[in-house]
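If you read the protein sequences in the order shown, they are chains A and B.
Residue numbering for the first sequence is 37 to 271, as defined by the working numbering.
Residue numbering for the second sequence is 73 to 362, as defined by the working numbering.
Structure record follows, encoded as structure tokens.
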Amino acid sequence: MMLSIENLNAYYGQAHVLKDVSINVNKGEVVVMLGPNGHGKSTLLKSLCGMVDKKQGKISYKDQDIIKLSSEKIVNMGITYIAENRELFPYMSVMENLKLGAYSKNARKYEKENLEKVFSLFPRLAQRKKQFASTMSGGEAKMLAIARGLMSNADFLAIDEPSLGLQPNLRTEVARIIKEINNQGKTILVVEQNIPQITDLADKLYVLEEGHITFEGNKDDALSNDHLKEIFLGM
Amino acid sequence: MLIEIIDVMISGLLNGSVYALMAIGLALVYGVTKAFNFAYGSLYTMGGYFAWVFLVPLNLPGGYYTVFLTAIPFLFVVGFFLEKFLVAPLRKRSDWEMKAMMLTLGLALFLDIGYIAIFGPRLKSLPDIVEGTLAIGPLVFMKQDLVIFVLSITGLLCFAWLLNNTRVGMAVQAVAQNPAGAQIVGIPKERVFAATFAISTIMVGIGGILLSQKNFVNPQASTGIMIKAWVITAFGGMGSIKGSLYAALIIGMLEAFVGYYLGMIHIDIAVLTVLLITLAFRPQGLMGRE
Chain A
37 MMLSIENLNA
47 YYGQAHVLKD
57 VSINVNKGEV
67 VVMLGPNGHG
77 KSTLLKSLCG
87 MVDKKQGKIS
97 YKDQDIIKLS
107 SEKIVNMGIT
117 YIAENRELFP
127 YMSVMENLKL
137 GAYSKNARKY
147 EKENLEKVFS
157 LFPRLAQRKK
167 QFASTMSGGE
177 AKMLAIARGL
187 MSNADFLAID
197 EPSLGLQPNL
207 RTEVARIIKE
217 INNQGKTILV
227 VEQNIPQITD
237 LADKLYVLEE
247 GHITFEGNKD
257 DALSNDHLKE
267 IFLGM
Chain B
73 MLIEIIDVMI
83 SGLLNGSVYA
93 LMAIGLALVY
103 GVTKAFNFAY
113 GSLYTMGGYF
123 AWVFLVPLNL
133 PGGYYTVFLT
143 AIPFLFVVGF
153 FLEKFLVAPL
163 RKRSDWEMKA
173 MMLTLGLALF
183 LDIGYIAIFG
193 PRLKSLPDIV
203 EGTLAIGPLV
213 FMKQDLVIFV
223 LSITGLLCFA
233 WLLNNTRVGM
243 AVQAVAQNPA
253 GAQIVGIPKE
263 RVFAATFAIS
273 TIMVGIGGIL
283 LSQKNFVNPQ
293 ASTGIMIKAW
303 VITAFGGMGS
313 IKGSLYAALI
323 IGMLEAFVGY
333 YLGMIHIDIA
343 VLTVLLITLA
353 FRPQGLMGRE
């Protein structure tokens, strides 16, 4: 098991956002977490990446408990968070954003190698090395956010709503890229609304509602579940 | 007439370069942490007293060389620990930027009263860094002024180099532009905050050493410096480093011309007029981002 979260509870101020959440992700899997907005999906990814202060439970990654570690330590262990709103450095070039993606100690050694990989995955970014992140279109910025995440040399990518705000053709492109990254050996936990292109990639699906995991299974299980079919898969 | 104008411009440029060094430090801290450091002016005074202690009572060999070589690490340590032990603990609280302002305001009063308690209320004079004058054609410069100018420009260039060519510098810019993004890529934000505070303390402390030679070491200098640095950062655009550079040069020139043609007492009025006009018509400042 690469990642195992057991009975995770997380809070934002007074709000109890995650309630005894337990999930498992195996090496090489794409796991998709579905659920309505505001029910804790992003909080789950942020808790995993050390960006939520108030939390209890167990998060074990490669057999180490990481729940108390700071975000910089977690990045250095090979988990990277790719934010739904991208969180790029707006007044820096594509190249500078990418280089900062390789800030952690472990990533530094592989900076050159990863740059090449990233540019072959995103040829458009290679053409726009000097462009400021703030002047990019939504789709390009999304690609840059994913590319910056890959620069961290992570084995595990926690991707927050990659298709948010993208047109359908770009969603297909994002799904293709996630698949390709997965084929290169990365393990992926992706949080999404109901986006068929993304759910199609899933080795396993979870549903998070009001802070609880209400479903765990593969896509066939989900399709045979009337509640899920109606609410999340829109069928 | 022309010579006169050139003379005044040069004096404006000299003051402007030191102001730039100091104001950029303040803009840096604001840009990175979004909290305003009201103790900034008192750290200027600290630079002046540091030089005085070394040069007058201790009279250490090496003169100003010794002062600068020791002042830089000293100011770094002071800034780093002030941040770490006073400001950083506030960050866990809500509304911490406001609390940080209150705290630094308290620190400013504490330091200013401390200076009087330790060194007495009278001004101290520092020896000139170099003596004599230099004539180029009809223009006559104080060598001291030239050294101040060269040193502050060197300081600015070092700072620019540090910010754009080192990992620490890039990390500082990353935190200023997007703290959440910085956390995502694994930049240790707390350490960047402390480093920023420390670097800005060096900048203002060195400014204090440079200007105190001309203006004496004054335990109550902090208010005037604080007002100037605050006007420059607001005029340039809060947190904008380039904006502060231009604003510092403009304010330096303005002071020189107003001082020469209208009289010294009008300087502060002119400077504050700039602040009010800026806030009224372009609240984001010259180069601030809305």
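No residue lacks a Cβ here, since even glycine has one placed at the ideal position from N, Cα and C.
Apply the 10 Å Cβ neighbour rule to Met-298(B) and answer buried if 16 or more other Cβ atoms are within range, or exposed otherwise.
buried
Length at least 4, wholly inside the stretch 99-124 of chain A: the alpha helix (DSSP H) runs in chain order:
107-113
Let me confirm a value: Met-37(A) is counted as buried when at least 16 other C-beta atoms fall within 10 Å, else exposed. Which label applies?
Counting Cβ neighbours within 10 Å, Met-37(A) comes out exposed, since fewer than 16 surround it.
For Arg-122(A), which residues from the same chain have a beta carbon less than 8 Å from its beta carbon, with the 5 sequence-adjacent residues on both sides left out?
Ala-177, Lys-178, Leu-180 and Ala-181
Run through chain A and tell me which residues come within less than 9 Å of Asn-250(B), C-beta to C-beta.
The answer, in chain order, is Glu-123, Leu-124, Phe-125 and Pro-126.
Give the list of continuous alpha helix (DSSP H) stretches no shorter than 4 residues that lie fully inside the stretch 279-349 of chain B.
294-308 and 313-333
Count the CB pairs spanning the stretch 244-264 of chain B and the stretch 106-117 of chain A that are closer than 8 Å, and state whether there are at least three.
yes
Closest to Leu-93(B) by C-alpha separation, out of Phe-148(B), Gly-277(B) and Val-264(B), would be which residue?
Gly-277(B)
Just to confirm my understanding: we take Leu-321(B), look at its own chain, exclude 5 residues before and 5 after, and list those with CB closer than 6 Å. What are they?
Gly-88
Beta-carbon within less than 7 Å of Leu-202(A)'s beta-carbon, same chain only, minus the 5 sequence neighbours each way: which residues are those?
Gly-174, Gly-175, Lys-178 and Val-210
For Asp-196(A), which beta-bridge partners are listed by DSSP?
Val-227(A)
Answer yes or no: do Gly-120(B) and Gly-280(B) have a C-beta to C-beta separation smaller than 8 Å?
yes
Could you work out which residues of chain A lie near Pro-161(B), taking near to mean beta carbons separated by less than 7 Å?
Near Pro-161(B) there are no residues of chain A at all, since even the closest Cβ is about 15 Å away, more than 7 Å.
List the whole-angstrom C-beta distance separating Asn-150(A) from Ala-162(A), where the pair is believed to meet the contact cut-off of C-beta under 8 Å.
The pair is not a contact, with the Cβ atoms about 13 Å apart (cut-off 8 Å).
So the beta strand (DSSP E) Ser-40(A) belongs to, where does it begin and stop?
39-48
Pair every Cβ in the stretch 220-236 of chain A with every Cβ in the stretch 58-77 of chain A, then say whether three or more of these pairs are closer than 8 Å.
yes
Going by DSSP, name the residue or residues bridged to Tyr-112(B).
Tyr-112(B) is not bridged to any residue.
Does the beta carbon of Ile-256(B) sit closer than 8 Å to a beta carbon anywhere in chain A?
yes
Is there a C-beta anywhere in chain A that falls below 8 Å from the one on Ala-99(B)?
no
Using 8 Å as the threshold, is the C-beta distance between Ser-83(A) and Leu-39(A) below it?
no
With 16 as the cutoff for other CB atoms within 10 Å, does Tyr-112(B) come out buried or exposed?
buried
For Gly-357(B), which residues does DSSP report across the bridge?
Note: Gly-357(B) sits in no beta bridge, so no partner.
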